[in-house]
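These notes concern the structure reproduced below.
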Amino acid sequence: MELAYFLIETVVKVVAVFAVLMLVVAYLTLAERKILGRIQVRYGPNRVGPFGLFQPIADGIKAFFKEDLVPARADKTLFVIAPMISITAAISLFAVIPFGEQIELFGRRISLTIASLDIGLLYVFAVASLGEYGIVLGGWSGYNKYGLMGALRAAAQMISYEVALALSVMGVLMIAGTLNLVEIVRQQAGWHWNILYQPFAFIFYLVCALAEINRTPFDMPEAEAELACGFNIEYSSMKFALFFMAEYAHLVAVCAIATTLFLGGWDGPFNLPPALSWIWFVAKTGILVYFFIWERGTFPRLRYDQIMRFGWKFLLPLTLANIVGTGLYMVLRGM
Amino acid sequence: MLNTYVPVLFLIGLAVFFAVFAVGVSHLLGPRRVNPVKASPYECGMITLGPTHQAVPIKYYIIAMLFLVFDLEVVFLYPWAIVFRKLGVFGFVEMMIFVFILLIGFIYVWKKGALEWE
């Protein structure tokens, strides 16, 4: 009987997270186009439905009915698998993210996270790295020079910033002493948010996250102006849509992880009942997502050598210095 | 405690199913009118010259090697950060020595020009 409850709980949680995520991703594409439009003093999509609210649905249907083209010289297997790797990795990230406080339902304690893993953060970084395979293989397998260039740039850029990203959260781990994301959130309860103790780490994390998910000003793998869309140039129909959705799911994921690590997760200025604690989480994540869209409308794209120089010669030493500084401070204060 | 990982497998399974389903359905629903020009590499109307898969600049290879070194460092730092409070001053000094040695390597790489993208 316990097993049955466990299975039902798991299936409900997994399906709920998946469904909400898909909805969020769909409307995030609309939100981004609307906000970018307003930033550039135009309306953005407003023809399909009231305020363009049905635009994501129209886009989805269109993607399904477009020709599924595989270039003649492409590596067919990898070409088909690449977008699947991307979307699978992006969705799987949400397995460890704690959305809210435990709730009581039908006499059972249910935590609002799919799995409270002790290696939570390691899992996040491992799965996020797998997503790179999708981009690299997608660019390589299409047998297109733009695509190959985009893939190469993506590979070098993402592994460069991955080091800095992993180093930037180290200070939080030193304070928390655990990789379990639920535990990290609990320790921040009552205004002990890690951003107050690790402000620099938060900024480093945001910059590295931007580079990891290939967004402006680090959108080198796509670089519309020079690579004509980069790694996904040969993709059409739903395969292209999967890359697109993976990018947005990944964006939501890095914002959710920033909320968990630095902004106290579901902890808020005043306490809501446990069943509603996820509202704080959603609000903070939403603000970060808005920031990511905002900066896309603000910054121009950097040059590739500038990006690589910034990552290796600037971010890497600084994140290391942050670790040393945090360690020194904790040792001098007697932990 | 293995069953804490079962829900993760559920989510990954659902994600894989969704990916295969989406690609499969669009493959069935979409039209198929292939011709040699459409199936050729897209290059803004130009005909592709020479092979696409050829030797890539050595830069990328160097970056990949540097990544291995520094990612290994990160792997060492994670368990250290977790037990940092328990290790105390001893652990801190030990790790600083390790980071210092790595820093020497980093400076060497920097001075050698491996991080330059002319």
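One line per chain: the protein sequences are A and B, in this order. Numbering-wise (our numbering), the first sequence opens with residue 5 and increments by one. Numbering-wise (our numbering), the second sequence opens with residue 109 and increments by one. Every residue, glycine too, gets a C-beta built ideally from N, C-alpha and C.
In the DSSP assignment, find the unbroken alpha helix (DSSP H) run with A/GLN161 in it and report its ends.
A/GLN161 -> alpha helix (DSSP H) spans 149–172.
When you check each C-beta in the region 124–151 of chain B against every C-beta of chain A, which residues fall closer than 8 Å?
The region 124–151 of chain B vs chain A, Cβ under 8 Å: VAL124, PHE126, ALA127, VAL128, ALA130, VAL131, VAL133, SER134, HIS135, LEU137, GLY138, PRO139, ARG140, ARG141, VAL142, PRO144, LYS146, ALA147, SER148, PRO149, TYR150 and GLU151.
What residue range is occupied by the uninterrupted beta strand (DSSP E) comprising B/GLY213?
Looking at the DSSP string, B/GLY213 is not in any beta strand (DSSP E); the run it does join, the alpha helix (DSSP H), is 192–220.
So is B/ALA163 in contact with chain A if we call contact Cβ pairs under 9 Å?
No, no contact with chain A.
With DSSP as the reference, please indicate the residues paired to A/LEU116 in a beta bridge.
Paired residues: A/GLY104.
What separation, rounded to the nearest whole angstrom, lies between the Cα atoms of B/PRO139 and A/GLY56?
Looking at the two C-alpha atoms, the distance is approximately 27 Å.
Have a look at A/SER172 and A/THR330 and give me their C-alpha separation to the nearest angstrom.
Each residue's Cα considered, the two are about 11 Å apart.
Going by the beta-carbon positions, is the gap between A/ALA30 and A/ILE61 smaller than 9 Å?
For A/ALA30 and A/ILE61, yes; Cβs fall inside 9 Å.
Between which two residues does the alpha helix (DSSP H) holding A/ALA67 run?
That run of the alpha helix (DSSP H) goes 59–68.
State yes or no: is the beta carbon of B/TYR186 nearer than 9 Å to at least one beta carbon in chain A?
It does: the Cβ of B/TYR186 has a partner Cβ on chain A nearer than 9 Å.
Between the alpha carbons of B/ILE166 and B/MET173, how many angstroms are there, rounded?
Using only the alpha carbons, I get a separation of about 11 Å.
With 9 Å as the threshold, decide whether the Cβ of B/LYS220 is near any Cβ in chain A.
B/LYS220 does not count as touching chain A.
Report, in whole angstroms, the separation of the C-beta atoms of A/LEU246 and A/PRO87, which I expect to be a contact under 8 Å.
At roughly 4 Å, the Cβ-Cβ gap stays under 8 Å, so A/LEU246 and A/PRO87 are in contact.
Give the residues of chain B in contact with A/THR264, contact being defined as C-beta atoms less than 7 Å apart.
Simply none; closest approach about 17 Å.
In this structure, does DSSP put A/LEU109 in helix, strand or coil?
The answer is strand: DSSP assigns A/LEU109 an E or B state.
How about the region 125–136 of chain A and the region 294–309 of chain A: do they share at least three Cβ pairs that are nearer than 8 Å?
Too few Cβ pairs lie closer than 8 Å, so no.
Strictly under 9 Å for the Cβ-Cβ distance: is B/GLY213 near chain A by that measure?
Not closer than 9 Å to any Cβ of chain A, the Cβ of B/GLY213 fails to qualify, so no.
Determine whether the Cβ of B/ILE155 lies closer than 9 Å to any Cβ atom of chain A.
Output row for B/ILE155: interface = no.
Could you name the residues of the same chain whose beta carbon sits closer than 7 Å to that of A/LYS17, not counting the 5 residues immediately before and after it, in chain order?
Closer than 7 Å at Cβ, skipping near neighbours: ILE118.
State the Cα-Cα distance for the pair B/PHE125 and B/LEU195, rounded to the nearest angstrom.
Cα-Cα distance, rounded: 45 Å.
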